[in-house]
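J.: Line order of the protein sequences matches chains A and B. Under the working numbering, the letters of the first sequence match residues 835 to 1242, in that order. Under the working numbering, the letters of the second sequence match residues 672 to 1028, in that order. We treat Cβ as the ideally placed atom computed from N, Cα and C, and that holds for glycine.
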Amino acid sequence: MSGHHQPLNRKLITLPTLVLAILSFIALLILAKRFALGLGSVTNLNDGYPWGIWVVYDVVVGTGFACGGYALALVVYIANKGKYHPLVRPALLASLFGYTLGGISAFIDMGRYWNFYNMFLPEQMNLNSVMLEVGLCVTAYCIVLFIEFMPALLEHYQLEKAKARLDKVLFIIIAIGVLLPTMHQSSLGSLLIAMGFKVDVLWQSSYLMPLFAILTAMTMGFSIVIFEASFVTVGLKRDSEAHLLRGLGRIIQVLLGVVLILRFGDLLYRGALPAVFNGSFKSFMFLIETALFVVPLVILSSGKHRNRGSMLLIAAVSMLFAGALYRFNAFLIGWTPNAGSSYVYFPSAEELLVSIGIVAMEILGYLLIVKWLPILPAHAEVKKQTAIKTDPSVNKPPAEQASVEVGS
Amino acid sequence: MDRRDFLKLAGGGAVIATSSGTVEARGNLEVSDEAVGMLFDATRCIGCRACVVTCKDINGMPPEKATEAEPWDMAQELSADTLNIIKAYKGPENSASTNSTAETDVSENPGFEFIKRNCMHCVDAGCVSVCPVSAMEKDPKTGIVSHDPDACIGCRYCVAACPYNIPKYEYDEAMGQIQKCQLCNQKGVERIDKGQLPGCAEVCPTGANIYGKRSDLLAEAKRRMALKPGDPYVYKLGSIDSPHGQEGLIPEYQANIYGEKEGGGTQVLLLAGNSYQTLGMPDIPERSYASVSETVQHSIYGNFLAPAAVLGGLLYMARRNLNEDGQDDDHKKEDEHGGAELGCVDRTSTRKTEDRS
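(1) For chain B, is any of its Cβ atoms less than 8 Å away from the one on methionine 953 of chain A?
(2) Grouping DSSP H, G and I as helix and E and B as strand, with all else coil, what is histidine 818 of chain B?
(3) Are the Cβ atoms of glycine 898 of chain A and leucine 935 of chain A separated by less than 8 Å?
(4) If distances are taken between C-alpha atoms only, which option among B/Lys893, B/Gly847, B/Val939 and B/Lys865 comes closest to serine 875 of chain A?
(5) Who are the Cβ neighbours of histidine 838 of chain A in its own chain at under 6 Å, not counting the five residues just before and after it?
(6) Using a C-beta cutoff of 8 Å, does glutamate 967 of chain A count as contacting chain B?
(7) Whole angstroms are fine: how far does the CA of glutamine 857 of chain B sit from the CA of glutamate 844 of chain B?
(8) Could you give the residue range of the alpha helix (DSSP H) that holds glutamine 1019 of chain A?
(9) Relative to the alpha-carbon of glycine 882 of chain A, which residue among B/Asn755, B/Asn836 and B/Arg895 has its alpha-carbon at the smallest distance?
(10) Mind pulling the chain B residues with CB within less than 7 Å of proline 884 of chain A?
(11) Measuring straight from C-alpha to C-alpha, what distance separates threonine 772 of chain B and glycine 1083 of chain A?
(12) Would you grab the beta carbon distance between tyrosine 904 of chain A and valine 1033 of chain A for me? Rounded to a whole angstrom, and I think it's under 8 Å.
(13) Taking the CB atoms as reference points, tell me whether tyrosine 906 of chain B and glycine 916 of chain B lie closer together than 8 Å.
(14) How close, in whole Å, do the beta carbons of isoleucine 815 of chain B and isoleucine 863 of chain B come, if the pair is a contact with beta carbons under 8 Å?
(15) Determine, using beta carbons only, whether arginine 946 of chain A comes closer than 8 Å to chain B.
(16) By how many angstroms is the C-alpha of tyrosine 991 of chain A removed from the C-alpha of aspartate 810 of chain B?
(17) Between the Cα of isoleucine 1006 of chain A and the Cα atoms of B/Tyr987, B/Leu700, B/Glu748 and B/Gly866, which residue gives the shortest distance?
(18) Mind pulling the chain B residues with CB within less than 7 Å of aspartate 892 of chain A?
(19) Anyone know if the C-beta pair for glycine 1168 of chain A and leucine 993 of chain A falls short of 8 Å?
(20) Which residue comes first and which comes last in the beta strand (DSSP E) that contains alanine 1183 of chain A?
(21) What does a CB cutoff of less than 6 Å around glutamate 1184 of chain A pick up in its chain, not counting 5 residues either side in sequence?
(22) Taking proline 903 of chain B as the query, report the chain A residues whose CB atoms sit under 8 Å from its CB, ordered along the chain.
(23) Would cysteine 855 of chain B pass as a contact of proline 834 of chain B if the rule is Cβ separation under 8 Å?
(24) According to DSSP, what are the bridge partners of threonine 937 of chain B?
(25) Please report the residue range of the beta strand (DSSP E) in which glycine 916 of chain B lies.
(26) Checking contacts by CB at 8 Å: is aspartate 1100 of chain A closer than that to chain B?
(27) Tell me the DSSP bridge mates of alanine 759 of chain B?
(28) Is the CB-CB distance between serine 1114 of chain A and valine 1129 of chain A below 8 Å?
(29) Mark glycine 901 of chain B as exposed unless 16 or more other C-beta atoms lie within 10 angstroms of its C-beta, in which case mark it buried.
(30) Quick one: grab the DSSP three-state call for histidine 839 of chain A.
(31) Taking the beta carbon of asparagine 974 of chain B as the centre, do at least 16 other beta carbons fall within 10 Å, making it buried, or is it exposed?
(32) Using a Cβ cut-off of 9 Å, pull out every chain B residue sitting near glutamine 958 of chain A, in sequence order please.
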């Protein structure tokens, strides 16, 4: 077993995993209905609103949340900040789940999914289409993420030779793994350019759309790393990684500053600033979004706060909501089919349950795999085990040890 | 890799990215000489809906009933079962025109006016530009925008990107498809290829809607607008080339032809007495959204130069940084790389953090 990553020796079946499994199962049942009776049988999609939360949350926001692997690869391998390396594997795992399920969600949402292979046929491809670029890149990136994740599997099965061989070409995979998200995350913004006036003036930045999309992808990526690391620390009672996360907070701070300056500069340039204060529902949503961007900026600007895990977490969560709300606003809340039309959209209960189920699958998969494969940094785990001996309040170590042996 | 190297590379990437961006902006697509379309003159429409019925007949679409007791078509909006619809808009009558319409500042005719909604067959069609699998296509000669359900993946980007909300997906079907007006020239119908007229133009009793070459229709619209209100005029029936016509009086037209320039122009043109926005048409700029979208897309991906250059930089840095055995900028001295074998990415760095903690 590798010396620096190690499976977490805990029980596989716990109350949280049971609840998550039930939520996942409900989603699968609803999806069976969707495939049997059509999209209209479970969603509130209509002639005015062709894209609902399955696209906007599960794909557009979901892959944004899944940018942790991208953000860390950028820092660790490209900017060469090796100290963040312990965070890479857990982030990659979350990205792998986020992207795979994002891709599956896109497939579920396709009205003619049995034709999806046409995207890969050169004679059918339309190179002008932003959607083609997104589709191909996301598919390719799912494969790349899986390869990047392979070392954990190879370590688990002690396939040293295969791992050594993979390590030799890993730099290629890593480089592609940085390029692909840069391309398709920016393209998620470009998707909106062709929609023109249907995207509210507060979010229709036209030429700048790809830039805002990639910047929010990065901020969401770094934030999710902080969020996941804090979650692992608290939820799985492990050592704090605050000393590592602090530096990420610094990066987010810079990115946030850039986002806000560009955002207001763009609104000013396009003469859209009055729309910010016109008291409409959309202006209200814009103000909330902006506040969510400003809060982490304020927190992270204070060195004292940056050093505290709890403040970092608050900043990260606020930033996640900011990035998600920006994308929700641009794609759905600030989206109107036509000024004179009477179409409305609000997700149905079944639509929501599918999205919730997909998130549940991600968390469930993450929890199971960190207990099965060497994902989390080992040094913390070693300390943990010594701590268990001295601290009886942490639940029954012997039973946990036994159950994991079965799982591994 | 030190900061200087990083900046050099980043700068190089930026230069390539921006220089390939000067590839030249894609302007609006040009209309083909043989492009066909329709001219709808709202001032001639009496709202009989013969075109709606004929459209349903030709396309094999069921009536949308209000209740089972009233088995006739009561469609209120375009849908996957209604590709052509007549809508009535109530004019401002006496109140609005006198006081508050300062923002539009156009004369509004009192009473009702009807508008026919169907695919505008855009010269630079958004649906064609955005479709990932070329299911939406524009005929290079006629300019008719057609749809191929066997290619379509059902992503509904065309629905989202159409400024006129034309393509409709069948949400109520397990294996639904996109439906849109194809000017009665889709496979199995092919009325245009056979020398016939689109159904809706053929049955229009007042010549409110006529078929023809776009250039002829545009000239016809300008001819009508050039006349004085009240002048007698013979309106063609069915087609611009038709020998048949119906006499009428020239009304007071809006100052522009909708579709001449909107979004890069459309092959279905509109004339009306009320402002087009009053009649529910969107007010869109002359530069097509598709051309903006494609300009951005091709600036970034034109010839794949920029991604290739970025990938080159990333490969170089990833390889170098993996080689450096995880030394990070905060600690490493210059020229410390080399010596370590590939693959041991992280050991030292992990240990380092262990030591620190």
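T.: In terms of the structure at hand:
(1) Mapped onto the first sequence, residue 953 of chain A falls at position 119. So, interface residue.
(2) Position 147 of the second sequence, counting from 1, holds the residue named residue 818 of chain B. Looking at histidine 818 of chain B - three-state DSSP - the assignment turns out to be strand.
(3) On the first sequence, position 64 is the one that residue 898 of chain A refers to. On the first sequence, position 101 is the one that residue 935 of chain A refers to. Taking 8 Å as the Cβ cut-off, glycine 898 of chain A and leucine 935 of chain A do not qualify as a contacting pair.
(4) Translated into positions along the first sequence, residue 875 of chain A becomes position 41. Ranking the options by Cα distance to serine 875 of chain A, first place goes to B/Gly847.
(5) Translated into positions along the first sequence, residue 838 of chain A becomes position 4. When the five nearest sequence neighbours on each side are left out, the beta carbons in the same chain lying within less than 6 Å of the beta carbon of histidine 838 of chain A are those of Ala1212, in order along the chain.
(6) To locate residue 967 of chain A, count along the first sequence from 1; it is residue 133. For glutamate 967 of chain A, the answer is yes, since a Cβ of chain B falls inside 8 Å of its Cβ.
(7) Along the second sequence, one-based indexing puts residue 844 of chain B at 173. Along the second sequence, one-based indexing puts residue 857 of chain B at 186. C-alpha of glutamate 844 of chain B to C-alpha of glutamine 857 of chain B: approximately 21 Å in a straight line.
(8) Here the question's residue 1019 of chain A lines up with position 185 in the first sequence. Taken as a continuous stretch (DSSP letters only), the alpha helix (DSSP H) holding glutamine 1019 of chain A covers 994–1024.
(9) In the first sequence, the residue the question calls residue 882 of chain A occupies position 48. Distance check between glycine 882 of chain A and each of B/Asn755, B/Asn836 and B/Arg895 places B/Asn836 closest, using alpha-carbon atoms only.
(10) Reading the first sequence from its first residue, position 50 is the one you call residue 884 of chain A. Within 7 Å Cβ-Cβ: Arg827, Val830, Ala831 and Tyr840.
(11) Counted from its first residue, the second sequence places residue 772 of chain B at position 101. Counted from its first residue, the first sequence places residue 1083 of chain A at position 249. With a pLDDT of 41 at threonine 772 of chain B, under the threshold of 50, the modelled position of this residue cannot be trusted; read the value that follows with caution. Going by the C-alpha atoms only, they are around 52 Å apart.
(12) The residue labelled residue 904 of chain A in the question sits at position 70 within the first sequence. The residue labelled residue 1033 of chain A in the question sits at position 199 within the first sequence. Contact flag wrong, Cβ pair sits at about 25 Å.
(13) Within the second sequence, residue 906 of chain B is the residue found at index 235, counting from 1. Within the second sequence, residue 916 of chain B is the residue found at index 245, counting from 1. In contact: tyrosine 906 of chain B and glycine 916 of chain B (Cβ atoms closer than 8 Å).
(14) Locating residue 815 of chain B in the second sequence gives position 144, counting from the first residue. Locating residue 863 of chain B in the second sequence gives position 192, counting from the first residue. Contact holds; Cβ gap of about 7 Å.
(15) Sequence index remark: in the first sequence, residue 946 of chain A carries index 112 (1-based). Chain B, which has a Cβ nearer than 8 Å to the Cβ of arginine 946 of chain A, makes this yes.
(16) The residue you call residue 810 of chain B lines up with position 139 of the second sequence. The residue you call residue 991 of chain A lines up with position 157 of the first sequence. Rounded to whole angstroms, aspartate 810 of chain B to tyrosine 991 of chain A spans 57 Å at the Cα level.
(17) The count along the first sequence starts at 1 and reaches residue 1006 of chain A at position 172. Looking from the CA of isoleucine 1006 of chain A, the closest CA among B/Tyr987, B/Leu700, B/Glu748 and B/Gly866 belongs to B/Tyr987.
(18) As a first step, residue 892 of chain A is located in the first sequence; it is residue number 58 there, counting from the start. Simply none; closest approach about 14 Å.
(19) As a first step, residue 1168 of chain A is located in the first sequence; it is residue number 334 there, counting from the start. As a first step, residue 993 of chain A is located in the first sequence; it is residue number 159 there, counting from the start. No, Cβ-Cβ distance for glycine 1168 of chain A and leucine 993 of chain A is not below 8 Å.
(20) Reading the first sequence from its first residue, position 349 is the one you call residue 1183 of chain A. According to the DSSP assignment, alanine 1183 of chain A belongs to no beta strand (DSSP E) but to the alpha helix (DSSP H) extending over 1183–1206.
(21) For this step, residue 1184 of chain A is matched to residue 350 along the first sequence. Answer for glutamate 1184 of chain A: Ile864 and Val876, listed in chain order.
(22) Numbered from its first residue, the second sequence carries residue 903 of chain B at position 232. Per Cβ cutoff of 8 Å: no residues; proline 903 of chain B is ~34 Å from chain A at best.
(23) One-based indexing of the second sequence puts residue 855 of chain B at position 184. One-based indexing of the second sequence puts residue 834 of chain B at position 163. In this structure, cysteine 855 of chain B lies away from proline 834 of chain B, with their beta-carbon atoms at least 8 Å apart.
(24) As a working mapping, residue 937 of chain B is identified with position 266 in the second sequence. Within the DSSP bridge table, the entry for threonine 937 of chain B names B/Cys793 as partners.
(25) Here residue 916 of chain B is taken as the residue at index 245 of the second sequence, counted from 1. 916–920 is the span of the beta strand (DSSP E), which, as asked, contains glycine 916 of chain B.
(26) Here the question's residue 1100 of chain A lines up with position 266 in the first sequence. No, aspartate 1100 of chain A lies away from the interface with chain B (no Cβ there is under 8 Å from its Cβ).
(27) Here residue 759 of chain B corresponds to residue number 88 of the second sequence, with the count starting at 1. B/Phe785, per the DSSP bridge assignment.
(28) Taking the first residue of the first sequence as position 1, residue 1114 of chain A is located at position 280. Taking the first residue of the first sequence as position 1, residue 1129 of chain A is located at position 295. Contact flag unset, no.
(29) Residue numbering aside, residue 901 of chain B sits at position 230 when the second sequence is read from its first letter. Per the 10 Å Cβ criterion, exposed.
(30) Position 5 of the first sequence holds residue 839 of chain A. Correct three-state label for histidine 839 of chain A: strand.
(31) For this step, residue 974 of chain B is matched to residue 303 along the second sequence. Exposed, by the Cβ-count rule.
(32) On the first sequence, residue 958 of chain A is found 124 positions in, with the first residue counted as 1. Those within 9 Å of glutamine 958 of chain A in chain B are Pro803, Val804, Ser805, Ala806 and Ala822.
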